[in-house]
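Student: Here you go, one structure.
Chains as they are written, first to last, in the numbering used here: chain A, 269 to 584; chain B, 8 to 292.
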């Protein structure tokens, strides 16, 4: 089973650095946070462009409204707070005042998914992807590592309208480099296979690649898709996986209600019914703990992915 | 009495007639008549005297902005925009109907002249703050951002997030106008969750506060002119108003918070409003 190297910094740093680089080229790029500008990596940008990094204090709803106003005045706004405060506390402001008039605001949910880890359930947000996916016109993405985060943020800056970017807290495992490609609504075929497809998003990519290795030892050939953008969803990649491999396992760091697994299931049920299983947090509140052990405990271990793969194969 | 003030008064009456027309005839269900009538004089002064806008170019970058944060008073905004020439007056009768540009609450991008989504209460001041910040960053010194809040709406915590933030960020191109009519959907503010003392609240948050009679056109214009020129602090105008102002049987009558006017009620209201026009004419002679 292959191993991955731990990165030196987190996707939060990658997000802030990317926005900072964009800001050097484009005077309309603005950073905003709710006492979170440091937490989403905007410290460097704030130093160089103090007027263009706005910290409204601990007031997420005001951050969203202010971001809407700035975008309505012609700015490209990159903001963020922690997952639950973006995807829950100030969700209505994001939905009604940013997404509804399709304003150019990208919001990061730092410490998204289970990555808030030891902070516990108050700061974790396994629901964020599912919630954000319901908003029309919103792009929803979970970058797997720093290199892909950089590419994703820079690509998103060229697309007017809202987006939600889930970020981690501590460094992730490195899986991509600067040659990563990102297009909303396009999955990346990471490794091909014939017996089933593992569809991964963000941190579950490394785990799916490891699960592929374990399955290969037992003679099972798994395709691995990087579906870090769950909205818009690459339906063609899902349909091709269904047709060519005949079974699908989705693996998401979050609740199985409404996120990646649900999105894929919606496509399959309507267009190409094949055996499918969702791997993710199973409708429970989690707890404090380090990120990786938490993922292991709440159903996202490599062994969980392998056993889900065998279960769908048995249903083929 | 100056001719200009009288013309503003006439415009306010016309806006009130439009509001009654929408309530009686648009077919889009109950219209929030009381909250709209309450704001009519101030909105008339803004669009016909104070604000630098161009109806032929609604997204002109140097325009003044107006956010009706108490968006349930949409009919006063739609009427003012129509009277100002942003869209044909006939279109008012499509309010809240299917396929209309005039949605149930104001929407940026759907209706010419609407500067922000509103109607979900408590949000407008933050959006106005963002616009005010943006204008400052763009080095635009002239445009002002006017945000009208309901008094009941000010029970929302987010209003005070924005109120706290604006002075701290050195914003002085933002004017909050509180339509202080003392009634909210379920009854009297002071019985439900009082905002008293309103003036001291805003002052303690760092705003320059002026009070005005929200139905006295001279007072409205004078205070708005001060607010427009005021530097160094954001300005809050506490407008003392009467919910339903302008139609005797609607004033102070919370049954008109949202209502379809019957034909008889419509005719009675128009009769009163026409009498007000006659009185303005007589005053001028």
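Backbone N, C-alpha and C fix where the C-beta goes; we use that ideal spot for every residue, glycine too.
Can you tell me the Cα-Cα spacing of residue 382/A and residue 351/A, whole angstroms?
Tutor: Answer to the nearest angstrom: the Cα atoms are 10 angstroms apart.
Student: Counting only runs of 4+ residues fully inside the stretch 524 to 562 of chain A, write out the alpha helix (DSSP H) ranges in chain order.
Tutor: Qualifying alpha helix (DSSP H) stretches, in chain order: 528 to 539.
Student: Would DSSP call residue 261/B helix, strand or coil?
Tutor: If DSSP states are grouped into helix, strand and coil, residue 261/B belongs with the helices.
Student: Straight-line CA distance for residue 160/B to residue 540/A?
Tutor: If I take the Cα positions, the gap works out to 50 angstroms.
Student: Between residue 391/A and chain B, is there a C-beta pair that is closer than 9 angstroms?
Tutor: No, no contact with chain B.
Student: Exposed or buried, residue 559/A, counting other C-beta atoms within 10 Å across all chains shown (16 or more means buried)?
Tutor: Counting Cβ neighbours within 10 Å, residue 559/A comes out buried, since at least 16 surround it.
Student: Quick check: residue 490/A and residue 464/A, are their CB atoms within less than 9 angstroms of each other?
Tutor: Yes, the pair counts as a contact, with Cβ atoms nearer than the cut-off.
Student: If we define contact as Cβ-Cβ less than 9 angstroms, is residue 124/B a contact residue for chain A?
Tutor: Yes - at least one Cβ of chain A is within 9 angstroms of the one on residue 124/B.
Student: Apart from the five residues on each side of it in sequence, which residues of its chain come closer than 8 angstroms, Cβ to Cβ, to residue 100/B?
Tutor: So the list reads 28, 29, 32, 33, 34, once near-sequence residues are dropped.
Student: For a minimum of 3 consecutive residues, which ranges assigned as the beta strand (DSSP E) are wholly contained in the stretch 133 to 215 of chain B?
Tutor: Qualifying beta strand (DSSP E) stretches, in chain order: 152 to 157, 181 to 187.
Student: Scan the stretch 293 to 322 of chain A for residues whose Cβ lies nearer than 8 angstroms to a Cβ of chain B and list them as they occur along the chain.
Tutor: Listed by position, the residues of the stretch 293 to 322 of chain A near chain B (Cβ gap below 8 angstroms) are 298, 319, 320, 322.
Student: Is it true that the CB of residue 458/A sits closer than 9 angstroms to the CB of residue 483/A?
Tutor: For residue 483/A and residue 458/A, no; Cβs fall outside 9 angstroms.
Student: Do you know how far the Cα of residue 502/A is from the Cα of residue 538/A?
Tutor: Roughly 15 angstroms separates the two Cα atoms.
Student: Please list, in chain order, the residues of the stretch 242 to 262 of chain B that have any C-beta partner in chain A closer than 9 angstroms.
Tutor: Against chain A - using a Cβ distance shorter than 9 angstroms - the stretch 242 to 262 of chain B contributes no residues.
Student: State the DSSP-derived secondary structure class of residue 494/A, mapped to helix, strand or coil.
Tutor: Residue 494/A falls in the strand class under three-state DSSP.
Student: Quick one: which chain A residues come within Cβ less than 8 angstroms of residue 130/B?
Tutor: Under the 8 angstroms cutoff, chain A gives 329, 333, 361, 364, 365.
Student: Taking C-beta to C-beta, are residue 456/A and residue 494/A nearer than 9 angstroms?
Tutor: Yes, the pair counts as a contact, with Cβ atoms nearer than the cut-off.
Student: Tell me where the alpha helix (DSSP H) around residue 375/A begins and ends.
Tutor: Run containing residue 375/A: none in the alpha helix (DSSP H); it sits in the beta strand (DSSP E), 373 to 378.
Student: Just the C-alpha distance for residue 292/A and residue 283/A, rounded to the nearest angstrom, thanks.
Tutor: Roughly 15 angstroms between the two C-alpha positions.
Student: Closer than 8 angstroms by beta-carbon distance: list the chain B residues that pair up with residue 518/A, in chain order.
Tutor: Within chain B, no residue comes near residue 518/A; the closest Cβ sits about 34 angstroms away, beyond 8 angstroms.
Student: Check for me: the alpha helix (DSSP H) holding residue 222/B runs from which residue to which?
Tutor: Premise fails: residue 222/B is in no alpha helix (DSSP H) and is neither H nor E.
Student: Assuming residue 337/A and residue 134/B form a contact by the criterion Cβ under 8 angstroms, report the distance between their Cβ atoms to the nearest whole angstrom.
Tutor: At roughly 4 angstroms, the Cβ-Cβ gap stays under 8 angstroms, so residue 337/A and residue 134/B are in contact.
Student: For the putative contact between residue 549/A and residue 523/A, defined by C-beta atoms under 8 angstroms, what is the C-beta separation to the nearest angstrom?
Tutor: Going by Cβ atoms, the distance from residue 549/A to residue 523/A rounds to 5 angstroms, so yes, they are a contact pair.
Student: In the DSSP assignment, the alpha helix (DSSP H) including residue 459/A goes from what residue to what residue?
Tutor: Not the alpha helix (DSSP H): residue 459/A falls in the beta strand (DSSP E), residues 456 to 459.
Student: Excluding sequence positions up to five away, which residues of its chain have a Cβ less than 8 angstroms from the Cβ of residue 251/B?
Tutor: So the list reads 40, 41, 44, 45, 257, 258, 259, 260, 263, once near-sequence residues are dropped.
Student: Could you check which residue in 234/B, 194/B, 218/B has the C-alpha nearest to that of residue 204/B?
Tutor: The residue with the shortest Cα to Cα distance from residue 204/B is 218/B.
Student: Let me check understanding here. Comparing Cα to Cα, which of 434/A, 395/A, 392/A, 276/A lies closest to residue 347/A?
Tutor: If we check each option's Cα against that of residue 347/A, 434/A comes out closest.
Student: Any idea if residue 400/A is buried or exposed, counting beta-carbon neighbours within 10 angstroms, 16 or more meaning buried?
Tutor: With 16 or more Cβ atoms within 10 Å of its Cβ, residue 400/A is classed as buried.
Student: Whole alpha helix (DSSP H) runs in the stretch 72 to 141 of chain B with 4 or more residues, listed along the chain?
Tutor: List check, alpha helix (DSSP H) in window: 81 to 91.
Student: When burial is assigned at 16 or more other CB atoms within 10 Å of the CB, is residue 164/B buried or exposed?
Tutor: That one is exposed.
Student: Is there a Cβ of chain A sitting closer than 9 angstroms to that of residue 14/B, yes or no?
Tutor: Residue 14/B does not count as touching chain A.
Student: Can you say whether residue 497/A is buried or exposed, counting buried as having 16 or more other CB atoms within 10 angstroms of its CB?
Tutor: Buried is the call here.
Student: Establish whether the CB of residue 428/A and some CB of chain B are separated by less than 9 angstroms.
Tutor: Not an interface residue.
Student: Name the two residues that bound the continuous beta strand (DSSP E) containing residue 434/A.
Tutor: Here the beta strand (DSSP E) through residue 434/A covers 431 to 434.
Student: Our contact map puts residue 36/B next to residue 267/B with C-beta atoms below 8 angstroms; I'd like the distance itself, whole angstroms only.
Tutor: At roughly 7 angstroms, the Cβ-Cβ gap stays under 8 angstroms, so residue 36/B and residue 267/B are in contact.
Student: Can you tell which of 114/B, 143/B, 179/B has the C-alpha that lies nearest to the C-alpha of residue 125/B?
Tutor: Nearest option by C-alpha distance: 114/B.
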